[in-house]
Structures are given as structure tokens and as C-alpha cells.
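Visitor:
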Amino acid sequence: MDLQLRPREECRFDAVSLGEIMLRFDPGEGRVRTARSFRVSEGGGEYNVVRGLHKCFGLKTAVITAFADNEVGKLLVDCIEQGGVATDFIRMVKTDGIGRSCRNGLNFTERGFGVRGALGCSDRANTAISQMGPEDFDFDYIFGELGVRWLHTGGIYAALSERAGETAIAACEAAHRYGTVISYDLNYRPSMWNAIGGKARAQEVNRALARYVDVMLGNEEDFTACLGFEVPGNSESLDQLNLEGYQEMLRRGAAEFPNWKVVATTLRTVHSATVNDWKAICFADGALAFSRGYEAMEVLDRVGGGDSFASGLIYGLMTTGDPKKAVEYGAAHGALAMTTPGDTSMASVDEVEALMAGKGARVKR
Numbered sequence: 001m002d003l004q005l006r007p008r009e010e011c012r013f014d015a016v017s018l019g020e021i022m023l024r025f026d027p028g029e030g031r032v033r034t035a036r037s038f039r040v041s042e043g044g045g046e047y048n049v050v051r052g053l054h055k056c057f058g059l060k061t062a063v064i065t066a067f068a069d070n071e072v073g074k075l076l077v078d079c080i081e082q083g084g085v086a087t088d089f090i091r092m093v094k095t096d097g098i099g100r101s102c103r104n105g106l107n108f109t110e111r112g113f114g115v116r117g118a119l120g121c122s123d124r125a126n127t128a129i130s131q132m133g134p135e136d137f138d139f140d141y142i143f144g145e146l147g148v149r150w151l152h153t154g155g156i157y158a159a160l161s162e163r164a165g166e167t168a169i170a171a172c173e174a175a176h177r178y179g180t181v182i183s184y185d186l187n188y189r190p191s192m193w194n195a196i197g198g199k200a201r202a203q204e205v206n207r208a209l210a211r212y213v214d215v216m217l218g219n220e221e222d223f224t225a226c227l228g229f230e231v232p233g234n235s236e237s238l239d240q241l242n243l244e245g246y247q248e249m250l251r252r253g254a255a256e257f258p259n260w261k262v263v264a265t266t267l268r269t270v271h272s273a274t275v276n277d278w279k280a281i282c283f284a285d286g287a288l289a290f291s292r293g294y295e296a297m298e299v300l301d302r303v304g305g306g307d308s309f310a311s312g313l314i315y316g317l318m319t320t321g322d323p324k325k326a327v328e329y330g331a332a333h334g335a336l337a338m339t340t341p342g343d344t345s346m347a348s349v350d351e352v353e354a355l356m357a358g359k360g361a362r363v364k365r
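Residues in the sequence shown are numbered from 1 upward in steps of one, following UniProt numbering.
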């Protein structure tokens, strides 16, 4: 595996993400439909990764995004600042006061419990970031003049609009040109792609992006829907993985996109909303590496677990260069993130490494 990270002293940031950040409304143990109060926090598939890289693992990170310039947009900026992620590349966009020209995304999320699964209800049409094009961000300045060691983006952002896909491609082109390592989470959401061309458009955009990616994240459904890798015998369950089918996809991916150095995914078996089996798999240097398994793991909030896996994996790859250690960092960080509410991790690197070492959940005093 040869990721060839840029030297830290040459770069302002260790990692930067490009994506949408929404304000999450959490009704706690209750339901959205009956709630009278909500806890609010920020979250977004791409952002959650760099927040974990900073807050848990101590790396210097920033986010490229945009908000409508109103009180909700300022609240989102304040949340990001409290998480320690740099806001240098956030565009504040003038709005008409009622959201016709641009808006900030909202996400109402129930955690689920027992036989009742987690439930999300998003309100994100015409958000400020979905309207931004390549000309709205100076990628040569960010990746060239300032310097960034790692860029993370993904299929949720790319599916927001036609413009978002174009911007993602432009960002990856610039990052690649300046030697920034690129990770991408396919994260297929059919309801998002349907409005801009469906599966055909998803494959067009994701295949264009895949040419620049060094670390590709995704499960069987992601590879099939986003890249067109149809493999007979795929599992019908989105929470489980057909290992033979997945290995065939990896073989095809490596042949078609030789720039991929690492491919990884999480493996989850859902016994109930609050009891899951959890582990992860990583493919690099022609070999598969599995993390330890977390059997019958109790889950408080599963949203963001995959993003925290990604940040742990990236940290492991950046600091150890060892795919086996990296997938262990990712699985442990994802497991811990699902023990606390909200999209983002509240874990520390000491807790992650203790869990990797097999230490239990005894009281610490």
C-alpha cells in the first residue's frame, strides 16, 4: 500500500471534507411525530469524518461547505467551531429571508429502540451547498497554496444536485493534482439520486470520481448501484455482506480503477435497533483484513457509526500505514460512536485504543 501522504510541515490541514452539514433535531427517546422539544446538533456524512479526526484523534481539519446567511446558518457555524473543525472554507450565502433562494438543511432523526428501527426525515432541498459550483471555491488555493494531506467527500454530497456532482469532481481533480490523498464514501441513497437522473446519473458521477480516489468506502449495494458492478449472488440484506460477491467487486474495481489503494466497508448484523453485531473489512495489497468482531453490541444511536469508522480507518492509515491496524481503529471508533447520541463521535483516542486492546466496560474511577 503506497498512499504517499504529503509531509505534514507542508500542509495547513491534515484533512478537509467537502459536503453538506445539516442541523439535526433529536427527540431523545421519543418520536418525531409526538415531540414537543428537540436536542439540536450538527451532522453530515462527510463532515462527521473530519470532526472525528479532529475531536477524537487530534488532527487539524476543516470543512468545505456553504450555509444560508441567517440565524440557523450561524448556529451551524457555531456548532462546527465548538467541535474544533476550521470554518475557513465555509461560504455564507445571501438568502431572501424565507428560503426560496437558498436554505439550510434540517434532519429530524429518531434513534430507534428494540423492534423499532432508527428513522430519519430530512428537509434539505435547495440548500446553499447544493447550489455551489466549482467556481464558488478556490480549490487551487486550498490544496495548492495552503496544502491538505487528505480530502474526504462522498456520494451523499454528490447526489444533492447536478452542481454538487460537478463540484465534487472539480475538488477531487485539484486535490489529485497537488498530491492530496482522496477518500470517498459511495453511500448510495436512491431517494436523493432519483431527482437528478437516478441510477444512471449516480453511475456517471461516481465513476468519474472513482478515477481520483485512493481509499474507496462502500458495501455491495453501493458498488452495484454507483459503479455498475453487478455480481450474481449478492445478498438481499443491506445490513450484511456476501463476502464472495464483495471480493469479486474488489477484483473488478482494482482492474478498472488501479488508483484504488484501499477499499473498506463495515459489516453489521441487526438483531434489533439496539443490539447489533459489528465489525469491518479492509482490502489492500491484494489481501483482506478483518477487524475484531463486536458481538451483540448495544447501540444507543447508530447514525454516524459508518462515518466514525471512516475517520478511525483514515487515522490508522495516516499514522501507521498498516491496513490491519487501520481497520481496527475504524471498527473500534465506530462502535464507540454508537454508544452516544448524535451523528458525531464523543470518543477519545485512548478509549479507542483500549477497546482495540480488548479492555472491557468496567467502571473507571
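Just so you know, even glycine gets a beta-carbon here, dropped at the ideal spot from N, CA and C.
(1) Let me know if S17 comes out buried or exposed under the rule of 16 or more other beta-carbons within 10 Å of its beta-carbon.
(2) Under the assumption that F67 contacts V77 (Cβ atoms under 8 Å), give the Cβ distance between them as a whole number of angstroms.
(3) Just the C-alpha distance for E248 and G321, rounded to the nearest angstrom, thanks.
(4) Taking only the alpha-carbon atoms, compute the straight-line gap between G228 and M318 and give it to the nearest angstrom.
(5) Which same chain residues, not among the five before or five after L151, have their C-beta less than 8 Å away from its C-beta?
(6) State the Cα-Cα distance for the pair D26 and L313, rounded to the nearest angstrom.
(7) Under the three-state reduction of DSSP, which class applies to E236: helix, strand or coil?
(8) Can you check whether the CB of L217 is closer than 9 Å to the CB of D185?
(9) Assuming G147 contacts C11 (C-beta within less than 8 Å), just tell me the rounded distance between them.
(10) On the DSSP bridge list, what partners appear for E110?
(11) Going by DSSP, name the residue or residues bridged to L267.
(12) At what residues does the beta strand (DSSP E) containing A125 begin and finish?
(13) What whole-angstrom Cβ distance do Y157 and E20 have, given they're in contact under 8 Å?
(14) Looking at the secondary structure, which residues open and close the beta strand (DSSP E) in which I98 lies?
(15) If you scan the region 4-60 from start to end, which runs of the alpha helix (DSSP H) of 4 or more residues do you find wholly inside it?
(16) How about P323 and R111: do their beta carbons lie closer than 9 Å?
(17) Looking at the unbroken beta strand (DSSP E) that takes in Y294, where does it start and where does it end?
(18) Since N259 and V213 should fall inside the 8 Å C-beta cutoff, what is the C-beta to C-beta distance between them, to a whole number of angstroms?
(19) Looking at T153: is its Cβ nearer than 9 Å to the Cβ of E46?
(20) Could you give the DSSP three-state label for S183: helix, strand or coil?
(21) Name the DSSP bridge partner or partners of H152?
(22) Tell me whether V303 sits in a helix, a strand or coil according to DSSP, three-state version.
(23) Determine the contact status of A280 and G358, defining contact as a CB-CB distance below 9 Å.
(24) L250 by DSSP, collapsed to three states: which one?
(25) Using the Cα positions of S237 and A284, report the straight-line distance between them to the nearest angstrom.
(26) Does the distance from the CB of A226 to the CB of N206 come in under 9 Å?
(27) Pop quiz: L59 and L23 are said to be a contact at Cβ under 8 Å. What is the actual Cβ separation, rounded to whole angstroms?
(28) Ordered along the chain, which non-local residues of its own chain (more than five positions away) have a Cβ less than 7 Å from that of E295?
(29) Buried or exposed, going by whether 16 or more other CB atoms sit within 10 Å of the CB of R103?
(30) Go ahead and label Y141 buried or exposed: buried means 16 or more other beta carbons lie within 10 angstroms of its beta carbon, across all protein chains shown.
(31) Within this structure, are the beta carbons of M338 and S311 separated by less than 9 Å?
(32) Near E230, what residues of its chain come up, given a Cβ to Cβ distance below 8 Å and the 5 sequence neighbours on each side ignored?
(33) Pull up the DSSP beta-bridge partners for L75, would you.
Guide: Checking against the coordinates, here is how it stands:
(1) buried
(2) 7 Å
(3) 25 Å
(4) 30 Å
(5) A15, V16, S17, L18, F143, A171, C172, A175, T180, V181, I182 and S183
(6) 27 Å
(7) Bear in mind that the predicted position of E236 carries a pLDDT of just 47, short of 50, making it unreliable; the figure below should be weighed with that in mind. E236 falls in the coil class under three-state DSSP.
(8) yes
(9) 3 Å
(10) L119
(11) K279
(12) Taken as a continuous stretch (DSSP letters only), A125 belongs to no beta strand (DSSP E), as it is neither H nor E.
(13) 6 Å
(14) From DSSP, I98 is part of no beta strand (DSSP E); its letter is neither H nor E.
(15) 47-55
(16) no
(17) Y294 to E298
(18) 7 Å
(19) yes
(20) strand
(21) S17 and S183
(22) coil
(23) no
(24) helix
(25) Model confidence at S237 stands at a pLDDT of 48, short of 50, so the residue's coordinates are unreliable and nothing is read from them.
(26) This sequence places Cys at residue 226; Ala is not what is there. A contact, by the Cβ cut-off of 9 Å.
(27) Not really, about 25 Å apart at Cβ, beyond 8 Å.
(28) D277
(29) buried
(30) exposed
(31) no
(32) T224
(33) Looking at the DSSP assignment, L75 forms no beta bridge with any residue, so it has no partner.
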